[in-house]
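A quick write-up on the structure given underneath.
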Amino acid sequence: MRILRSLIPALVIASSQVAVPSQCQEPPRIRPFSFSPDLSLGDSAAVTCAVKRGSVGPHTLTWRKDGALLPQERRISVSQPSDVMSILALRNIQPGDVGNYTCVASNAHGEHRMTALLVISGLPPRIRPFAAQEDLSLGDSTVLTCALRRGSRGPHDIVWLKGDGTAVSEEGRGGRVSAHRQSDVMSILALRDIGYEDAGSNYTCVASNVHGSDRRTAVLQVSGTAVAGASHLYSAVHTDLNSALSHQQRSADMLAVDSAELRVRTVLAALLAAVAARSSAASEAPSVREFRFPANLLPGDTAVVSCVVRKGSAGPFRLSWSKDGRPLDTTLPSISVMSHQGGSVSTLTIADVSVEHN
Numbered sequence: 001m002r003i004l005r006s007l008i009p010a011l012v013i014a015s016s017q018v019a020v021p022s023q024c025q026e027p028p029r030i031r032p033f034s035f036s037p038d039l040s041l042g043d044s045a046a047v048t049c050a051v052k053r054g055s056v057g058p059h060t061l062t063w064r065k066d067g068a069l070l071p072q073e074r075r076i077s078v079s080q081p082s083d084v085m086s087i088l089a090l091r092n093i094q095p096g097d098v099g100n101y102t103c104v105a106s107n108a109h110g111e112h113r114m115t116a117l118l119v120i121s122g123l124p125p126r127i128r129p130f131a132a133q134e135d136l137s138l139g140d141s142t143v144l145t146c147a148l149r150r151g152s153r154g155p156h157d158i159v160w161l162k163g164d165g166t167a168v169s170e171e172g173r174g175g176r177v178s179a180h181r182q183s184d185v186m187s188i189l190a191l192r193d194i195g196y197e198d199a200g201s202n203y204t205c206v207a208s209n210v211h212g213s214d215r216r217t218a219v220l221q222v223s224g225t226a227v228a229g230a231s232h233l234y235s236a237v238h239t240d241l242n243s244a245l246s247h248q249q250r251s252a253d254m255l256a257v258d259s260a261e262l263r264v265r266t267v268l269a270a271l272l273a274a275v276a277a278r279s280s281a282a283s284e285a286p287s288v289r290e291f292r293f294p295a296n297l298l299p300g301d302t303a304v305v306s307c308v309v310r311k312g313s314a315g316p317f318r319l320s321w322s323k324d325g326r327p328l329d330t331t332l333p334s335i336s337v338m339s340h341q342g343g344s345v346s347t348l349t350i351a352d353v354s355v356e357h358n
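For the record, in the sequence shown the residue sitting at position 103 is 103 according to full-length UniProt numbering, with numbers rising by one throughout.
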């Protein structure tokens, strides 16, 4: 009996020194979940957000769609059977239901998020809005990106059309204008050495699947320079000279030919001056145009940015990408870089954007 009495204080001290398991002080972790891959219009769908063992409550479970609070609709309901489980249900699915649904679980030690993409079979593709750069000048390079919104199922056909309706060939990668297919949901149009003839020209991206198609157009606005003016003048002189020569054959009027020759010399002088100005700038270090990632990116989206060297410096160029000051790991399956050796444009594509890309 005395032995038991002597053990009781020791047991009390030992029990007071027992450490709480470390996992109990961690934020919750959500089990992965996903929607059915073969949903159609009018179907019903449900996903369950369940917290794994190892975190202490109370837990708060909330749902978001495309980063915003879940829309208040009678077709959409949320039930929570317990502190560690929440069920999202959608009835009579409509095109507007397509998107990313995120469950957020939190406790006193932090939070965790898990996202699932809802897509619907039978929808035509939709192209994200795109536009050409606004400050293009002669000699610049630029790219146009045609990317499909989430929600439509492939395979998709994506083609680029010139203003006259002819298609830009993907085989012409060495040309001044070329199309580059990045994936089933993205294509890039690259334009090099923009000239005066590109001013006001438009390029249209057409995307289609078995359920329909969509198209969007961008117009190039090119700032004029002396070279553009000289080129237009050269075209006019060429017409005048042919007219004068034809007149000479009929009437031997040499004055018209002399006048046209004088105008040709004037044009050549302007062209030489412009070329000299460009040559003097070619010795400068390269300068990269400012670029930004698209706003409001969501998990599962595809992000594209292009690094374009401004005109005025001579190539060949070596373009490379870095993340947080370190060389970008282009061997990752979600990362791809498109660039021509020595060229002035490099395009970075990040497929299936996630938190790890921050």
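Note that CB positions come from ideal geometry on N, CA and C, so glycine has one too. No experiment lies behind these values; they were computed from the predicted model shown.
Three-way DSSP call (helix, strand, coil) for residue i in this model
i	result
E290	coil
P95	helix
Q182	strand
Continuous beta strand (DSSP E) stretch holding residue i: start and end
i	result
E111	G110 to L118
R64	T60 to K65
Q80	I76 to S82
T349	V345 to I350
T145	T142 to A147
S40	Run containing S40: none; DSSP gives neither H nor E here.
I335	I335 to S339
Distance between residue j and residue i (C-alpha atoms, nearest Å)
i	j	result
D140	V168	19 angstroms
V88	T62	Note on identity: in this sequence residue 88 is Leu, with Val being the wrong assignment. Their backbone Cα atoms lie some 10 angstroms apart in a straight line.
T347	I188	9 angstroms
S137	S201	14 angstroms
residue 416	G165	Since the displayed the chain opens at 1 and closes at 358, residue 416 lies outside it and no answer follows.
C205	V98	23 angstroms
S208	T217	15 angstroms
D184	V309	28 angstroms
G57	S79	18 angstroms
G325	G212	44 angstroms
S86	R192	53 angstroms
residue 360	P129	As shown, the chain starts at 1 and ends at 358. That puts residue 360 outside it, with no answer to give.
V210	G54	47 angstroms
Paired residues, beta bridge with residue i - DSSP
i	result
G212	N209
D157	S208
I87	T48 and S79
T302	According to DSSP, which records beta bridges pairwise, T302 is partnered with nothing at all.
L189	L144 and A179
G165	DSSP lists no partner for G165.
P327	S322
G342	F317
A132	Per DSSP, none; premise fails for A132.
Residue closest to residue i, alpha-carbon to alpha-carbon, out of the options
i	options	result
T145	F35, R318, R181 and V222	R181
H112	G325, V143 and E26	E26
P81	Q221, S322, T60 and Q72	T60
T115	L328, R31 and G195	R31
K323	T302, L298, S334 and H357	H357
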